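Engineer: Have a look at this one.
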Amino acid sequence: MFDRYSIAASAQQLIDHFSVDVPAHYKKYYNAGPTHLLPIITHHHPEGLSFFYWGAIPQWIKNKNISEKLINVRAETIKDKPVLKKKMMRFRCIIPSDGFYCWKKVGKKSAIPYRFFPKNKLPLSIAGLWEEFEDEQEETHHTFSIITTQSNKQIQPVNERMPLLLNKETQKVWLNKDASENELLGMLKTENTIMLDSYTVSPRIGLLSANESTLVLPSAPADQFGNLTLFD
DNA sequence: CCAGACGTTGTT
DNA sequence: GTCTGG
DNA sequence: CCAGACGTTGTT
DNA sequence: GTCTGG
């Protein structure tokens with residue numbers, strides 16, 4: 000499961016890097032997680048940021064509680080599932096980020112959080128799918144899910160899965176309205192070429208409500224209970 | 001979708 | 001709702 | 001054709 | 001080969 004990242008780039012960095020308009024209400028998230036209202040860029044409207052909730056609610060779950068949210072879609076699954084392929088054809092987005100978090104298991108129940116971020120400090124583009132649906136009260140909701148893939152050599156020791164990171168070229172295809180199904184399926188196999196650095200961070204990222212700027216900074220390796228550990 | 005069947009007729 | 005295994 | 005499953009993972 | 005029960 001991939002459930003934390005940060006988007007703490009300045010408005011100007013987003014404008015420069017993605018050529019998008021950034022509204023005044025844009026707010027930095029040092030600890031973006033499921034259910035947060037986060038900035039994404041849809042292929043329908045790549046000129047601006049859209050603010051959607053992280054975590055899709057499948058329409059066939061009528062009355063189930065919200066914990067059933069789907070925050071990830073496996074890249075490998077999309078090619079096999081007609082529903083997802085259709086969704087890929089119609090509802091692509093990228094999620095701007097400047098780093099992401101992964102938990103490394105160190106025991107049955109404890110894990111230590113790591114942060115991965117690009118060496119060149121430029122924003123990352125995470126591939127995603129979005130959806131719009133009406134609930135029973137006829138309220139329209141906009142949500143998105145992040146596409147995950149098998150971790151590469153660097154992240155593997157920490158976590159099995161990582162977000163699908165797009166580079167300049169693959170991002171262009173992903174946001175192209177006229178991209179073909181084959182082209183897009185190809186993007187799902189994008190190997191990460193972006194050089195990343197990593198260090199351990201505060202386990203406070205486990206709290207969805209935590210959002211202080213220091214969360215992105217290095218912190219002594221500690222598990223979610225706050226126990227310091229020598230094994231990182 | 002695919003394994004497995006694939007014909008007819010009727011006491012009263 | 002749509003997809004699919006039997 | 002239809003019953004039953006259906007994008008993800010695992011306590012942070 | 002085509003039809004169909006599961």
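At position 140 of the first sequence (counting the first as 1) the number is 139 in numbering that gives the first Met the number 0, and the numbers step up by one without a gap.
Every residue, glycine too, gets a C-beta built ideally from N, C-alpha and C.
The model shown is predicted, which means the values in this text are computed figures rather than measured ones.
With a threshold of 16 other CB atoms inside 10 Å of the CB of methionine 87, please say whether the residue is buried or exposed.
Structural biologist: Start at 1 with the first residue of the first sequence, and residue 87 comes out as number 88. Answer is buried; the Cβ neighbour count reaches 16.
Engineer: In terms of alpha-carbon separation, which member of Asn175, Pro202, Thr192, Gly106 lies closest to proline 45?
Structural biologist: For the purposes of this step, residue 45 is taken as the residue at position 46 of the first sequence. Per the Cα distances, Asn175.
Engineer: Can the beta-carbon of isoleucine 40 be found closer than 8 Å to that of tryptophan 53?
Structural biologist: Looking up residue 40 in the first sequence gives position 41. Looking up residue 53 in the first sequence gives position 54. Not a contact, by the Cβ cut-off of 8 Å.
Engineer: Nearest to aspartate 15 by alpha carbon, out of Glu75, Pro122, Asp177?
Structural biologist: As a position in the first sequence, residue 15 is number 16, starting the count at 1. Cα-wise, what sits closest to aspartate 15 is Pro122.
Engineer: With H, G and I counted as helix, E and B as strand and the rest as coil, what does DSSP make of proline 33?
Structural biologist: Locating residue 33 in the first sequence gives position 34, counting from the first residue. Coil at proline 33, not helix or strand.
Engineer: Which ranges does the alpha helix (DSSP H) cover as unbroken runs of at least 4 residues, wholly within the stretch 40-93, from first to last along the chain?
Structural biologist: As far as the stretch 40-93 is concerned, its whole alpha helix (DSSP H) runs of at least 4 residues are 74-77, 81-89.
Engineer: Can you tell me whether tryptophan 129 is buried or exposed, with buried defined as 16 or more other CB within 10 angstroms of its CB?
Structural biologist: In the first sequence, counting from the first residue as 1, residue 129 sits at position 130. Buried, by the Cβ-count rule.
Engineer: From glutamate 211 to glutamate 138, what does the alpha carbon distance come to, in whole angstroms?
Structural biologist: For the purposes of this step, residue 211 is identified with residue 212 of the first sequence, where counting begins at 1. For the purposes of this step, residue 138 is identified with residue 139 of the first sequence, where counting begins at 1. Looking at the two C-alpha atoms, the distance is approximately 32 Å.
Engineer: Which stretch, first to last residue, makes up the beta strand (DSSP E) that contains methionine 161?
Structural biologist: Taking the first residue of the first sequence as 1, we reach residue 161 at position 162. 160-162 is the extent of the beta strand (DSSP E) around methionine 161.
Engineer: Between arginine 73 and threonine 147, how many whole angstroms is the CB-CB distance? I'm expecting something under 8 Å.
Structural biologist: By 1-based counting over the first sequence, the position of residue 73 is 74. By 1-based counting over the first sequence, the position of residue 147 is 148. About 6 Å; that satisfies the 8 Å criterion.
Engineer: Give the DSSP bridge partners of histidine 24, in chain order.
Structural biologist: Start at 1 with the first residue of the first sequence, and residue 24 comes out as number 25. BP columns for histidine 24 are empty, so no partner.
Engineer: What first and last residue would you give for the alpha helix (DSSP H) that runs through glutamine 12?
Structural biologist: Here residue 12 refers to the residue found at position 13 of the first sequence. Glutamine 12 -> alpha helix (DSSP H) spans 10-17.
Engineer: Does the Cβ-Cβ distance between lysine 84 and glutamate 182 come in under 8 Å?
Structural biologist: Taking the first residue of the first sequence as position 1, residue 84 is located at position 85. Taking the first residue of the first sequence as position 1, residue 182 is located at position 183. Contact: no.
Engineer: Can you tell me whether glutamine 170 is helix, strand or coil according to DSSP?
Structural biologist: For the purposes of this step, residue 170 is taken as the residue at position 171 of the first sequence. If DSSP states are grouped into helix, strand and coil, glutamine 170 belongs with the helices.
Engineer: Go ahead and label valine 200 buried or exposed: buried means 16 or more other beta carbons lie within 10 angstroms of its beta carbon, across all protein chains shown.
Structural biologist: In the first sequence, residue 200 corresponds to position 201, counting from 1. Buried: at least 16 other Cβ atoms inside 10 Å.
Engineer: Are the stretch 99-116 and the stretch 215-226 touching, with three or more C-beta to C-beta distances below 8 Å?
Structural biologist: Judged by Cβ distances under 8 Å, the stretch 99-116 makes contact with the stretch 215-226, as three or more pairs qualify.
Engineer: Using only the alpha-carbon positions, how far apart do phenylalanine 50 and proline 95 sit?
Structural biologist: For the purposes of this step, residue 50 is identified with residue 51 of the first sequence, where counting begins at 1. For the purposes of this step, residue 95 is identified with residue 96 of the first sequence, where counting begins at 1. Rounded to whole angstroms, phenylalanine 50 to proline 95 spans 12 Å at the Cα level.
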